[in-house]
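Read the structure below first, then the notes.
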Amino acid sequence: MSVPPLSILLVEADRDTREDRCADLEERGCVVTPATTPAEGLEAIVLGRFDVVVSDLLRRSRGGLWLWREATALRPELRRRFVFCGSGPVFDRDEVLEQESFLITPVSPATLWRAVLLAVHGPQLQNHRSSSA
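Taking the working numbering, the leading residue of the sequence shown gets 17, the next gets one more, and so forth.
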């Protein structure tokens, strides 16, 4: 019995970054749905199911944290399934700080992949890595 591919929503405003991340995740066997804005990402969440949401932070009022609040209100199962990418300090993230992953850009494909796997497998992946070391 084969494992279904991970379904990932990728919200990234920068076209080159979005295309690079989509290509890398697709090469790893994921099904990726790209979105250019958090509003477009929320529309995708309303219409479909995702294992992980990878989003830039976009510090605007309807940015990545807005997307997190709206998405997790609609689909609570997405809590602990967000991976945020951004540069510099993040303000107003107290409520998500302990639940979600934050990566400082630039993010290597391998680092992003590890964060995606941790979002999906959580402590199980950490325990597996510890016991195999």
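Ideal Cβ positions, reconstructed from N, Cα and C, are used throughout, including at glycine.
If the five residues before and after proline 125 are omitted, its C-beta is found closer than 6 Å to the C-beta atoms of Asp40, all from its own chain and listed in chain order. Around arginine 44, the same chain offers Trp129 as residues with beta carbons nearer than 7 Å, after the five sequence neighbours per side are excluded. Taking a C-beta distance under 9 Å as the contact criterion, valine 62 and leucine 26 do not qualify as a contact pair. Closest option to glycine 79, judged by alpha-carbon separation, among Val68, His137, Gly57: Gly57. Secondary structure at proline 122: coil, using DSSP grouped into helix, strand and coil.
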